[in-house]
Ligand SMILES: C[S@@+](CC[C@H](N)C(=O)[O-])C[C@H]1O[C@@H](n2cnc3c(N)ncnc32)[C@H](O)[C@@H]1O
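Numbering (my numbering), first residue to last: 57 to 150.
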């Protein structure tokens, strides 16, 4: 399960807590991914979660499920980031 622009990892952490067999990948901008790493580590999810600093162009291949939850809207008006994120999810190789 890949959290696109996964923020501080709260959503992914809740999903991992509810489903102990799932594994997660959190894609976020570098400064925020470190916060997510710390919080998900404190929640005991370090073993089941990988942290990927990057942007929408860096959506990793091989995820079973992609969660582009609350991908920034204001930015999309000027930069098309929501569209870019959706396109990256759609074209990520299996
Ligand atoms: C409203 S939060 C959503 C967090 C999480 N997905 C959720 O639903 O709780 C939006 C996130 O998008 C991230 N973000 C903004 N631009 C980004 C980019 N170019 N690449 C990756 N993440 C980005 C921000 O750092 C922020 O954490």
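Beta carbons are placed, not taken as given, at the ideal position from N, Cα and C, and that holds for glycine.
*Sequence-distant residues of the same chain with beta carbon closer than 6 angstroms to residue 68, five excluded per side*: For the purposes of this step, residue 68 is taken as residue 12 along the chain shown, with counting starting at 1. 59, 62, 80, 82.
*Looking at the unbroken beta strand (DSSP E) that takes in residue 69, where does it start and where does it end?*
On the chain shown, position 13 is the one that residue 69 refers to. No beta strand (DSSP E) contains residue 69, which is instead part of the alpha helix (DSSP H) from 66 to 74.
*residue 93 burial status per 10 Å Cβ neighbour count (16 or more: buried)*: Translated into the one-based positions of the chain shown, residue 93 becomes position 37. With at least 16 other beta carbons inside 10 angstroms of its own, residue 93 counts as buried.
*asked:* One question on the structure: do residue 108 and residue 64 come within less than 7 angstroms of each other, judged by their Cβ atoms?
replied: Numbered from its first residue, the chain shown carries residue 108 at position 52. Numbered from its first residue, the chain shown carries residue 64 at position 8. No, the Cβ-Cβ distance between residue 108 and residue 64 is not below 7 angstroms.
*Name the residue from 125, 74, 124, 122 whose alpha carbon lies nearest to the alpha carbon of residue 100.*
Working through the chain shown from its first residue, we reach residue 100 at position 44. When C-alpha distances from residue 100 are compared across 125, 74, 124, 122, the shortest belongs to 74.
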